[in-house]
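For reference, the structure discussed in these notes is given below.
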Amino acid sequence: MAEEIPVLLGEERLLEFLEGAVQAARHYGPAEVLLLRAAGGLTRFSRGHVHQNTAKEEVEVRVAVEREGRVGVATTSSLDLGAVREAAARAAEAARVLPPDPDRAGFAPPRPFPEVKGFDAATAASGPGERAAVVAEVLSLCRPLPASGYLETGLEEVGIANSLGLMAHHAMSRAGLEILVEAEDSTGYAESVSSSLSGLDPGAMSLKALAKAEKGRNPREVPPGAYDVLLEPAAVGTLVQFLGYLAFDGKAYLEGRSPISGRLGEKVASELVTLVDDALDPRGLPSPFDFEGVPKRKLVLIEKGIAKAVCHDLSSARRAGTESTGHGLPRPNSEGPVPLHLRLEPGTEPEQALLSRMERGILVTRFHYSNVLHPKRAVITGMTRDGTFWVEEGEIKYGLKNLRFAQGILDALAATEGVGSELELVKEFFFGITQAPALLVRGFRFVSTTTF
Numbered sequence: 337m338a339e340e341i342p343v344l345l346g347e348e349r350l351l352e353f354l355e356g357a358v359q360a361a362r363h364y365g366p367a368e369v370l371l372l373r374a375a376g377g378l379t380r381f382s383r384g385h386v387h388q389n390t391a392k393e394e395v396e397v398r399v400a401v402e403r404e405g406r407v408g409v410a411t412t413s414s415l416d417l418g419a420v421r422e423a424a425a426r427a428a429e430a431a432r433v434l435p436p437d438p439d440r441a442g443f444a445p446p447r448p449f450p451e452v453k454g455f456d457a458a459t460a461a462s463g464p465g466e467r468a469a470v471v472a473e474v475l476s477l478c479r480p481l482p483a484s485g486y487l488e489t490g491l492e493e494v495g496i497a498n499s500l501g502l503m504a505h506h507a508m509s510r511a512g513l514e515i516l517v518e519a520e521d522s523t524g525y526a527e528s529v530s531s532s533l534s535g536l537d538p539g540a541m542s543l544k545a546l547a548k549a550e551k552g553r554n555p556r557e558v559p560p561g562a563y564d565v566l567l568e569p570a571a572v573g574t575l576v577q578f579l580g581y582l583a584f585d586g587k588a589y590l591e592g593r594s595p596i597s598g599r600l601g602e603k604v605a606s607e608l609v610t611l612v613d614d615a616l617d618p619r620g621l622p623s624p625f626d627f628e629g630v631p632k633r634k635l636v637l638i639e640k641g642i643a644k645a646v647c648h649d650l651s652s653a654r655r656a657g658t659e660s661t662g663h664g665l666p667r668p669n670s671e672g673p674v675p676l677h678l679r680l681e682p683g684t685e686p687e688q689a690l691l692s693r694m695e696r697g698i699l700v701t702r703f704h705y706s707n708v709l710h711p712k713r714a715v716i717t718g719m720t721r722d723g724t725f726w727v728e729e730g731e732i733k734y735g736l737k738n739l740r741f742a743q744g745i746l747d748a749l750a751a752t753e754g755v756g757s758e759l760e761l762v763k764e765f766f767f768g769i770t771q772a773p774a775l776l777v778r779g780f781r782f783v784s785t786t787t788f
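Counting from 337, one number per residue, gives the positions in the sequence shown under the numbering used here.
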């Protein structure tokens, strides 16, 4: 009978596996073993009813082997050392046929890692019962309008070891709640992410989503054009995460593909804007090391509007003649380093104060289906969604039909005239997480309207 896999593998068991895995892999040359594990459950609800409970566990072991200046990578989903040896053999064969890599930086040496606190045992072990209780509260508060969305709880474990003696383990719990409330011709939205289930506020989120759906009834249409906007944190998170991906990749910077290539030390945004990547912040989902085993640290990317730094992994750092900033992704990685723990520093004004400064403009709850139009200029496009409103004299007047935007992110940050004092933790696809405030931006470009 197969051994039951525990909720948490734990540091002792995981490090024991990594030690054996590296010993098995180094038969083929200098080696690195990265273990990624995610486990948890998801409760979905649709139009006022729970309709799905799922549970999952995913394990991936990436084995990297270096041969004659080339690094090959192979993967397995098994924690059996025999499977690791087979993966190492495939990695060695891949390395043999790869072309030479002039930026190859080898593996990270062992170094001390900072301590972080981001694991809540109760959240990691949460099951359908705990999630159902939260969802029941959401559905009750949103009535009589139907609510849809999901609540997810679980954990992630990361372990890395290599033949230089590096050995590290980290566990992180997570909880995420998304609520969409539907009226006849309008919707309202709220989302939240936390390292603990108790860190979510389903009551406040439900009332927020419900109020947006109610206020948005009978939406009107405004023509395309440049408008002053109040972007709520979910919308700001989209802009910031796309900017992190496009602008602060050290590889793209060195190759001249970044919007800030050659512009470090120059003003690229309003002096109200300070953007950092800080994986050690306990308010986020903290991590002590990257996927190459390099210690994490706070990195200031934009300080009071001035571009200060880009991210580096081992490869781009070698090319730039500097050190990795702790932003390596799992091997093999053709993308380059990416900031995954962004924080746009808050200002001094509550969101309501920013709203009161708007004479005429648009409040945007969030963006949807966003994509890159022009990487070098950091221009993206997308749609407003689930709470778009017309504002006059500092007051929300009525709901709007959604609009499509096409906007340079740095242009928007340069036109920022107000930064909210409260941060919210938001996610956008695969770009990690962002702590974002609300922003008051002048002249945001909308290029077309929709029928809803």
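By construction, the Cβ of each residue, glycine as well, lies at the ideal position given by its N, Cα and C atoms.
Beta-carbon gap between residue i and residue j smaller than 8 Å
i	j	result
residue 398	residue 386	no
residue 420	residue 369	yes
residue 393	residue 367	no
residue 556	residue 345	no
residue 445	residue 405	no
residue 662	residue 618	no
residue 502	residue 629	yes
residue 508	residue 621	yes
residue 474	residue 538	yes
residue 506	residue 623	yes
residue 730	residue 693	yes
residue 490	residue 467	no
residue 524	residue 552	yes
residue 543	residue 519	no
residue 649	residue 666	no
residue 600	residue 644	yes
residue 775	residue 567	yes
residue 770	residue 577	yes
residue 716	residue 698	no
Residue i - DSSP class collapsed to helix/strand/coil
i	result
residue 721	strand
residue 353	helix
residue 648	coil
residue 663	coil
residue 642	strand
residue 338	Caution is warranted here: a pLDDT of 34 is assigned to residue 338, below 50, making its placement in the model unreliable, and no coordinate value can be reported.
residue 781	strand
residue 463	coil
residue 491	strand
residue 770	strand
residue 440	coil
residue 528	strand
residue 776	strand
residue 403	strand
residue 699	strand
residue 358	helix
residue 534	helix
residue 396	strand
residue 706	strand
residue 787	coil
residue 654	helix
residue 637	strand
Residue i beta carbon near the ligand GDP (any heavy atom closer than 7 Å)
i	result
residue 712	Among the ligands in the structure shown, none appear at all, so the ligand GDP cannot be discussed.
The alpha helix (DSSP H) enclosing residue i, as first and last residue numbers
i	result
residue 758	Unbroken run through residue 758: none, as it is neither H nor E.
residue 420	417-433
residue 540	538-551
residue 670	No alpha helix (DSSP H) contains residue 670, which DSSP labels as neither H nor E.
residue 731	No alpha helix (DSSP H) holds residue 731; the beta strand (DSSP E) holding it covers 731-735.
residue 687	687-692
Member of the options whose CA lies at the smallest distance from the CA of residue i
i	options	result
residue 363	604, 428 and 461	428
residue 671	634, 767 and 747	767
residue 701	573, 390 and 391	573
residue 713	742, 401 and 520	742
residue 550	732, 652 and 566	732
residue 493	343, 645, 750 and 649	343
residue 565	669, 779 and 357	779
residue 748	584, 416 and 608	608
residue 459	496, 423 and 512	512
residue 753	691, 786, 373 and 383	691
residue 611	350, 681 and 760	681
residue 703	687, 499, 782 and 603	782
residue 348	442, 592 and 495	495
residue 613	636, 591 and 604	636
Residue i, enclosing beta strand (DSSP E) - first and last residue
i	result
residue 680	677-680
residue 509	503-518
residue 371	367-382
residue 714	Premise fails: residue 714 is in no beta strand (DSSP E) and is neither H nor E.
residue 739	739-744
Problem set entry | Sequence ranges, alpha helix (DSSP H) only - wholly within the region 559-617, length at least 4 | 569-583 and 586-590
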